[in-house]
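When you read off a place in the sequence shown, starting at 1, and then add 244, the result is the number in the working numbering. Just so you know, even glycine gets a beta-carbon here, dropped at the ideal spot from N, CA and C. No experiment lies behind these values; they were computed from the predicted model shown.
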Amino acid sequence: MLKLIKKLSFWLPLLSLVVCVYNLMGYDDKNLLLALTSPPLLWFNPELTKLHHTMNSELLWQLVLYGIHFSFWLLFGLAIDWIISKIKASL
Numbered sequence: 245m246l247k248l249i250k251k252l253s254f255w256l257p258l259l260s261l262v263v264c265v266y267n268l269m270g271y272d273d274k275n276l277l278l279a280l281t282s283p284p285l286l287w288f289n290p291e292l293t294k295l296h297h298t299m300n301s302e303l304l305w306q307l308v309l310y311g312i313h314f315s316f317w318l319l320f321g322l323a324i325d326w327i328i329s330k331i332k333a334s335l
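Next up, the structure:
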């Protein structure tokens, strides 16, 4: 457990979940915090807007945004942890 707490692959997705819950509770009604804390949501904004208009359900749209947000931070944390482990192994 202590090893897990020291990893960015634990903390970054956890913070992502906090942002998603904050958004889900309605405090971020324009999705600004969600978009500003996730580079993919900023980069692909026009494509995501087109995708939003093709979906019928607002809940499904929010789940797509949350999935992108969480997945990005999980993969980013795993990549950073992997780089750190490679650096430590080479020392």
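Is residue i helix, strand or coil by DSSP?
i: residue 325; result: helix
i: residue 260; result: helix
i: residue 334; result: helix
i: residue 281; result: coil
i: residue 275; result: coil
i: residue 251; result: coil
i: residue 314; result: helix
i: residue 320; result: helix
Which whole-angstrom value is the C-beta distance of residue i and residue j, which I expect to be below 8 Å?
i: residue 263; j: residue 286; result: Going by Cβ atoms, the distance from residue 263 to residue 286 rounds to 14 Å, so no, they are not a contact pair.
i: residue 314; j: residue 283; result: 13 Å between Cβ atoms; not a contact.
i: residue 318; j: residue 253; result: 7 Å
i: residue 275; j: residue 322; result: Between residue 322 and residue 275 the Cβ distance is about 25 Å, and since that is not below 8 Å, they are no contact.
What's the C-alpha gap between residue i and residue j?
i: residue 311; j: residue 257; result: 11 Å
i: residue 301; j: residue 289; result: 18 Å
i: residue 307; j: residue 335; result: 42 Å
i: residue 330; j: residue 320; result: 15 Å
i: residue 260; j: residue 267; result: 11 Å
i: residue 325; j: residue 265; result: 25 Å
i: residue 272; j: residue 279; result: 10 Å
i: residue 237; j: residue 299; result: No information on residue 237 is available, as it lies outside the stretch 245 to 335 that the chain covers here.
Taking the alpha carbon of residue i as the reference point, which residue from the options has its own alpha carbon closest?
i: residue 327; options: 294, 251 and 247; result: 251
Comparing the C-beta of residue i with each C-beta of chain B, is any distance below 7 Å?
i: residue 254; result: Among the chains in the structure shown there is no chain B, since it carries only a single protein chain.
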